[in-house]
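**Student:** This is the structure, below, for whatever I ask next.
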Amino acid sequence: MVTVTPTSAAPTTAPPNARRRPGGRPVLRLLILVAIVAVVLYPLFWMIGTSVKSQEEIVNNLGLLPERFTPGNYTAGWSNFDVSFGRFFLNSAMVSLLTVVGNGLSCLLAAYAFARLRFRLRGMWFAVMIGTLLLPQHVLIVPQYILFRTLGLVGGDWPYLPLLIPQFLATEAFFVFLMVQFMRGVPRELDEAARIDGAGPYGIFRHIILPLSRPALVTTAIFSFIWTWNDFFRQLVFLSQLEDYTVPVALTLFIDSTSQSAVGPMFAMSVLSLLPVFLFFVAFQRMLVEGINTSGIKG
1 MVTVTPTSAA PTTAPPNARR RPGGRPVLRL LILVAIVAVV LYPLFWMIGT SVKSQEEIVN
61 NLGLLPERFT PGNYTAGWSN FDVSFGRFFL NSAMVSLLTV VGNGLSCLLA AYAFARLRFR
121 LRGMWFAVMI GTLLLPQHVL IVPQYILFRT LGLVGGDWPY LPLLIPQFLA TEAFFVFLMV
181 QFMRGVPREL DEAARIDGAG PYGIFRHIIL PLSRPALVTT AIFSFIWTWN DFFRQLVFLS
241 QLEDYTVPVA LTLFIDSTSQ SAVGPMFAMS VLSLLPVFLF FVAFQRMLVE GINTSGIKG
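For what it's worth, the UniProt record's numbering labels the leading residue of the sequence shown as 1, then goes sequentially.
And the structure:
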């Protein structure tokens with residue numbers, strides 16, 4: 001009879017590096033990130049601090065914190081002109097929201113044509129559209145102004161038409177290209193299945209492309225709103241009446257022709273002008289992240 005005696009397992013010794021505590025690399029990496037964030041956000045903090053400084057302190061105190069808190073800059077800036085600054089906020093909000101609608105509709109339709117439909121010279125027209133990205137805005141503004149001036153749309157009853165009409169004609173090639181690349185990732189088998197069910201081009205767009213393009217539409221909406229809200233040059237060219245000014249143009253009114261400037265109220269209104277952009281981004285942040293992380297097809 002053979003007796004098998006259990007042998008004790010050999011003691012396992014951990015490698016010498018296994019029980020080491022984490023080194024200083026994560027801490028160093030965190031410090032570097034904090035330093036970068038501090039450098040990036042420093043202008044914002046400085047602007048907020050300057051908005052509650054007096055005129056004399058703005059010149060003499062370049063630090064972040066004010067020595068004497070002056071909240072009156074906000075009330076002075078809000079009622080500094082014959083028109084309340086709230087009117088400028090309403091003008092900017094109207095132009096920005098209509099631009100979001102115009103870019104979303106027109107660029108989505110143009111992208112659907114380039115990505116899904118077959119027509120003659122499609123590649124050439126797509127290349128021409130991409131080529132417009134190379135043209136700077138300052139080159140296009142002169143012929144646009146001449147065109148709208150000839151049509152009697154500059155300084156008319158509704159002076160915002162020159163700012164809005166191009167947005168409803170898919171003139172933003174960047175957003176068209178963005179949506180085209182997104183739609184090319186949608187399987188064409190869905191189109192073929194819809195055609196078997198009797199759907200035409202409009203039905204495919206309505207029931208397949210449009211629902212799946214929500215991430216691209218949200219991305220277009222966010223960037224359209226931010227770019228339009230911060231736009232200064234085009235709005236300065238086409239808007240001439242005080243009551244029609246938008247926020248970026250109205251901020252220049254704090255500096256007059258005698259080189260005297262109300263810097264405190266100007267910075268106070270600049271801080272308020274950041275709030276709509278921040279709130280708009282926060283409201284759609286989740287959908288923007290989904291648009292980046294997904295391709296529009298689930299399951």
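Every residue gets a Cβ at the ideal spot worked out from N, C-alpha and C, and that includes glycine.
These figures come from a predicted structure and were not determined experimentally.
Given this structure, state the Cα-to-Cα distance separating Gln167 from Leu28, to the nearest angstrom.
**Tutor:** 47 angstroms
**Student:** Tell me whether Ser273 sits in a helix, a strand or coil according to DSSP, three-state version.
**Tutor:** helix
**Student:** Quick check on DSSP: helix, strand or coil for Leu51?
**Tutor:** The residue you asked about is not Leu; residue 51 is Ser in the sequence shown. In this structure, Ser51 counts as coil in the three-state DSSP scheme.
**Student:** Kindly list the residues whose CB is nearer than 6 angstroms to the CB of Ile255, restricted to its own chain and excluding five residues on each side of it in sequence; keep chain order.
**Tutor:** Ser261
**Student:** With a threshold of 16 other CB atoms inside 10 Å of the CB of Trp264, please say whether the residue is buried or exposed.
**Tutor:** Checking the sequence shown, residue 264 turns out to be Gly, not Trp. Classification of Gly264: buried, given that the 10 Å Cβ count is 16 or more.
**Student:** Taking the straight line between their C-alpha atoms, what separation do you get for Pro211 and Val37?
**Tutor:** 37 angstroms
**Student:** Apply the 10 Å Cβ neighbour rule to Ala268 and answer buried if 16 or more other Cβ atoms are within range, or exposed otherwise.
**Tutor:** buried
**Student:** State the beta-bridge partners of Ser224 as determined by DSSP.
**Tutor:** Answer is none; Ser224 lacks a bridge partner.
**Student:** Would you mind stating whether Phe232 and Pro215 have Cβ atoms separated by less than 7 angstroms?
**Tutor:** no
**Student:** Could you work out which residue in Ser240, Tyr160 and Ser224 is closest to Cys107 when comparing CA atoms only?
**Tutor:** Ser224 is the residue among Ser240, Tyr160 and Ser224 whose C-alpha sits nearest the C-alpha of Cys107.
**Student:** In or out: Gln144 buried (at least 16 other Cβ within 10 Å) or exposed?
**Tutor:** buried
**Student:** With Thr99 as the anchor, note down where its alpha helix (DSSP H) starts and where it stops.
**Tutor:** Phe85 to Arg116
**Student:** The alpha helix (DSSP H) with Val139 in it runs from where to where?
**Tutor:** Gln137 to Thr150
**Student:** How close, in whole Å, do the beta carbons of Ile209 and Phe284 come, if the pair is a contact with beta carbons under 8 angstroms?
**Tutor:** About 21 angstroms separates the two Cβ atoms, so there is no contact after all.
**Student:** Hey, Met183 and Ala111: beta-carbon distance below 7 angstroms or not?
**Tutor:** yes
**Student:** Out of Asp197, Leu169, Leu164 and Ser213, point me to the one whose CA is closest to Leu178's CA.
**Tutor:** Ser213
**Student:** Based on Cα-Cα distance, which residue from Val59, Leu33 and Leu98 lies nearest to Ile226?
**Tutor:** Leu98
**Student:** Who pairs with Ile255 in a beta bridge, going by DSSP?
**Tutor:** Ser261
**Student:** Assuming Gly203 is part of the alpha helix (DSSP H), what are its boundary residues?
**Tutor:** Pro201 to Ile204
**Student:** Over what stretch of residues does the alpha helix (DSSP H) that includes Trp78 continue unbroken?
**Tutor:** Gly72 to Trp78
**Student:** My output table needs one value for Thr132: the three-state DSSP class, helix, strand or coil.
**Tutor:** helix
**Student:** Which same chain residues, not among the five before or five after Leu242, have their C-beta less than 6 angstroms away from its C-beta?
**Tutor:** Val83
**Student:** So, using beta-carbon positions, are Thr252 and Ser92 closer together than 7 angstroms?
**Tutor:** In this structure, Ser92 does not lie closer than 7 angstroms to Thr252 by Cβ.
**Student:** State the Cα-Cα distance for the pair Leu90 and Leu279, rounded to the nearest angstrom.
**Tutor:** 15 angstroms
**Student:** Determine whether the beta carbon atoms of Ala193 and Ile204 lie at a separation below 7 angstroms.
**Tutor:** no
**Student:** The alpha helix (DSSP H) with Glu189 in it runs from where to where?
**Tutor:** Glu189 to Ile196
**Student:** Under a three-way DSSP split, which group does Asn61 fall into?
**Tutor:** Correct three-state label for Asn61: coil.
**Student:** Taking C-beta to C-beta, are Ser51 and Val277 nearer than 7 angstroms?
**Tutor:** no
**Student:** Which residue wins for smallest C-alpha separation from Tyr53, given the options Arg116, Asn103, Ala173 and Tyr74?
**Tutor:** Residue identity check: residue 53 is Lys in the sequence provided, not Tyr. Of Arg116, Asn103, Ala173 and Tyr74, the residue nearest in Cα terms is Tyr74.
**Student:** Looking at the structure shown, is Leu153 part of a helix, part of a strand, or coil, going by DSSP?
**Tutor:** coil
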